[in-house]
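See below for the structure under consideration.
Written as structure tokens, this is what we have:
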């Protein structure tokens, strides 16, 4: 399946920032704006980044939808960076009009709840999008770390070459395929909907945060039982951080749980890849082709 | 359209032609879902108790054991009762074997799951249903047991009982609250084949109307986790009930979007919202919508009745419901009733 890669960014291009899900005060987006500015881009902060909302969301559904819609439709805007995830894209996704976006694709940047947008766009419009850090990751002096810089490189069109340390649970091998994936809970939540992704012959990556151990087990079983794991080209397990346990302990670590669920699959599997809710979060272009090489001494994910 | 009349004339021309309205007849046609009812229980029949998910001690099931024996049933305790593998009532193999034995044993007329928790989904694909299909029996439970209900409904069209489990029987029948006793007795009523009738306290947010259909449902989170799998719930033309506990409002909202976006709401006959023990929002993260608002905005373009506060869920007023059995739901300003019909 061929995929459209939106144009990479040139100096002087404009990046829009929206908050399509949870609320975020503009102060927390400031470093991100300054950094993008420093990279040579103009930044246009949408109304949802200045929201007066008193509840969970960065505005009503209508406000969030219209802010995102405007950014999608505005041809001056070459990329849209989502300020944060949280929860909320599922509430507006079916209201978005992708007509102009399809004609003039642009990069959509974010992760976590933004997985809904990525999957929806990939499944329905075959347009690549960017799974990468959002505004909060720029704060606390982190705006220059390799993970933030991987976003800079990705936007400029520099092919990615990421390495990660070997892990005892890895399955050695090599795969060349399109990459898809994101937040495990959301990938499961989308199963059976219009935004569901097909994973056959793809490299799939997964990450999650704050889930109960039993629920990680259940989510993986859902992927498995809906046929999403059996014909992968390769699998990348990112960070599963801040996991929670029940009063009656589950008795396994989160990677043990995942490893156990993957027994029997022959494709290469890379554990501990830097894609996560922590700062270790390399930019990945969903829909783009990568080579995953899992070897004894190192795992490499390289854009091809 | 006068459907009867249309069908009458259609049969004469249908051969060799395409039937342009077929689709509209598929939707909501109850006749297509023929659910088998396992035989109801008689005095002296045997009920098995097994733990397909979380663990339970011998001591914890004593009240259920006593009460069900008093009802005139023999109780057969599975090997998993009193077993523990961390959070589970034994390893996957132990839980699977115990349940399998009970499904296969022709002497057992019903299987009560000891408790929920988590774990049924880890074994459901390895269960051999061949004998159960030939000789269906009542599978009883809720919460995590929604996996078994939905799997059985979807694959074998066999009715089952959504109800409290052994861990909800009051330790002392004499000091138990009336609602505890009533709900436990509803299990006996369901098992012995009494026609069920329930009423709920009217909630002004409910959408009035009347509907008839086969009742299916269960724990909302569990239903979402079955989406796309062989155990996925089929809701077209049915009355769907959902309940959940310990979830944030945002998570409940997301789950109702999942129901909507997977097409599980659009062809319902009715929606029954049971108990939702909502986890309070974290400070500064107030969701800003009530449960009722969350539900109603997902179904405002549909006409079917909706009732809130139905007595089903992780709560004391959790009555036994026969899933896979036809019911009539009536929602008016003054009363809400759910009645089993033939």
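Protein chains in written order, with this note's numbering: chain A, 1 to 304; chain B, 305 to 646. Note that beta-carbon positions come from the ideal geometry of N, C-alpha and C, so glycine has one too.
Once DSSP output is grouped into helix, strand and coil, what is the label at residue 19/A? If DSSP states are grouped into helix, strand and coil, residue 19/A belongs with coil.
Please state if the CB of residue 192/A and the CB of residue 531/B are separated by a distance shorter than 8 Å. Between residue 531/B and residue 192/A, the C-beta gap is smaller than 8 Å, which places the two residues in contact.
Using beta-carbon positions only, say whether residue 138/A and residue 32/A come within less than 8 Å of one another. In this structure, residue 138/A lies near residue 32/A, with their beta-carbon atoms less than 8 Å apart.
With DSSP as the reference, label residue 256/B as helix, strand or coil. Since the first residue shown for chain B is 305 and the last is 646, residue 256/B is missing from the structure and cannot be characterised.
Is there a Cβ from chain B that is less than 8 Å from the Cβ of residue 194/A? Output row for residue 194/A: interface = yes.
Residue 226/A (DSSP reduced to helix, strand or coil): The answer is coil: DSSP assigns residue 226/A none of H, G, I, E or B.
Which chain A residues are close to residue 391/B, counting only those with a beta carbon under 8 Å from its beta carbon? The contacting residues are 214, 246, 248, 249, 250, 251.
Measuring straight from C-alpha to C-alpha, what distance separates residue 359/B and residue 394/B? Using only the alpha carbons, I get a separation of about 7 Å.
Can you tell me which of 301/A, 300/A, 259/A, 284/A puts its alpha carbon nearest to the alpha carbon of residue 133/A? Closest option to residue 133/A, Cα to Cα, is 284/A.
Range of the contiguous beta strand (DSSP E) that encloses residue 353/B: 350 to 354 is the extent of the beta strand (DSSP E) around residue 353/B.
With H, G and I counted as helix, E and B as strand and the rest as coil, what does DSSP make of residue 312/A? Coverage of chain A is limited to positions 1 through 304, which leaves residue 312/A absent and any answer about it impossible.
In chain B, which residues lie less than 8 Å from residue 232/A when you measure between Cβ atoms? Below the 8 Å Cβ cutoff, chain B contributes no neighbours of residue 232/A, its closest Cβ being approximately 16 Å away.
Mind checking who residue 466/B pairs with in its DSSP beta bridge? The partner list for residue 466/B (beta bridge, DSSP) reads 445/B, 625/B.
Unbroken stretches of the beta strand (DSSP E), 3 residues or longer, contained in the segment 26 to 99 of chain A: The qualifying runs are 42 to 45, 77 to 82.
Along the segment 532 to 549 of chain B, what residues have a CB closer than 8 Å to any CB found in chain A? Within the segment 532 to 549 of chain B, the residues whose Cβ lies closer than 8 Å to some Cβ of chain A are 532, 533, 534, 535, 536, listed in chain order.
CB-CB length for residue 54/A against residue 533/B, believed under 8 Å: Going by Cβ atoms, the distance from residue 54/A to residue 533/B rounds to 39 Å, so no, they are not a contact pair.
So residue 139/A contacts chain B; which residues on that side make the cut at Cβ distance below 9 Å? Result: empty, since nearest Cβ-Cβ is about 17 Å, beyond 9 Å.
Is there a C-beta anywhere in chain A that falls below 8 Å from the one on residue 331/B? Residue placement at residue 331/B is flagged as unreliable, the pLDDT there being 39, under the threshold of 50; a coordinate-derived value is accordingly withheld.
Does the segment 158 to 173 of chain A come close enough to the segment 79 to 96 of chain A to have 3 or more Cβ pairs within less than 8 Å? Contact fails between the segment 158 to 173 of chain A and the segment 79 to 96 of chain A, because fewer than three Cβ pairs, one in each stretch, are under 8 Å apart.
Rank 381/B, 487/B, 412/B by C-alpha distance to the C-alpha of residue 345/B and give the top, closest one. Ranking 381/B, 487/B, 412/B by Cα distance to residue 345/B puts 412/B first.
For residue 545/B, does the three-state DSSP call read helix, strand or coil? If DSSP states are grouped into helix, strand and coil, residue 545/B belongs with the strands.
Confirm the yes/no value for this check: CB of residue 627/B, any heavy atom of the ligand HEM, distance under 7 Å. The ligand content of the structure shown is nil, which means the ligand HEM is not present either.
Given 8 Å, three or more beta-carbon pairs between the segment 515 to 529 of chain B and the segment 491 to 506 of chain B: Counting Cβ pairs under 8 Å, fewer than three are found: no touch.
Residues in the segment 502 to 532 of chain B having any Cβ partner in chain C nearer than 9 Å: Among the protein chains in the structure shown, which are A and B, there is no chain C.
In whole angstroms, what separates the C-alpha of residue 551/B from that of residue 561/B? Rounded to whole angstroms, residue 551/B to residue 561/B spans 15 Å at the Cα level.
Beta carbon of residue 86/A, beta carbon of residue 46/A: below 8 Å? Contact: no.
Quick one: which residues of the segment 53 to 75 of chain A get their C-beta closer than 8 Å to a C-beta of chain B? List them in chain order. Within the segment 53 to 75 of chain A, the qualifying residues are 54, 55, 56, 57.
Given a cut-off of 8 Å on the beta-carbon distance, is the pair residue 220/A and residue 258/A in contact? In this structure, residue 258/A lies closer than 8 Å to residue 220/A by Cβ.
Selection from 450/B, 558/B, 406/B, 340/B that minimises the alpha carbon distance to residue 591/B: Nearest C-alpha to residue 591/B: 558/B.
Quick one: does residue 90/A have its CB under 8 Å from some CB of chain B? By this cut-off, residue 90/A is an interface position.
Using DSSP with H/G/I as helix, E/B as strand and the rest coil, what is residue 3/A? The three-state reading of DSSP puts residue 3/A in coil, since its state is none of H, G, I, E or B.
Local conformation of residue 416/B per DSSP, three classes: Reduced to three states, the DSSP call for residue 416/B is strand.
CB residue 88/A to CB residue 25/A, shorter than 8 Å? Not a contact, by the Cβ cut-off of 8 Å.
Could you tell me which chain A residues have their CB closer than 8 Å to the CB of residue 344/B, listed as they occur along the chain? From the beta-carbon of residue 344/B, no residue of chain A is found nearer than 8 Å; the closest lies around 33 Å away.
Using a 10 Å radius around the Cβ and a threshold of 16 neighbouring Cβ atoms, would you call residue 448/B buried or exposed? When all chains shown are included, residue 448/B counts as buried.
By the DSSP assignment, the alpha helix (DSSP H) with residue 241/A in it spans what residues? Residue range 234 to 241 is occupied by the beta strand (DSSP E) that includes residue 241/A, with no alpha helix (DSSP H) assigned at that position.
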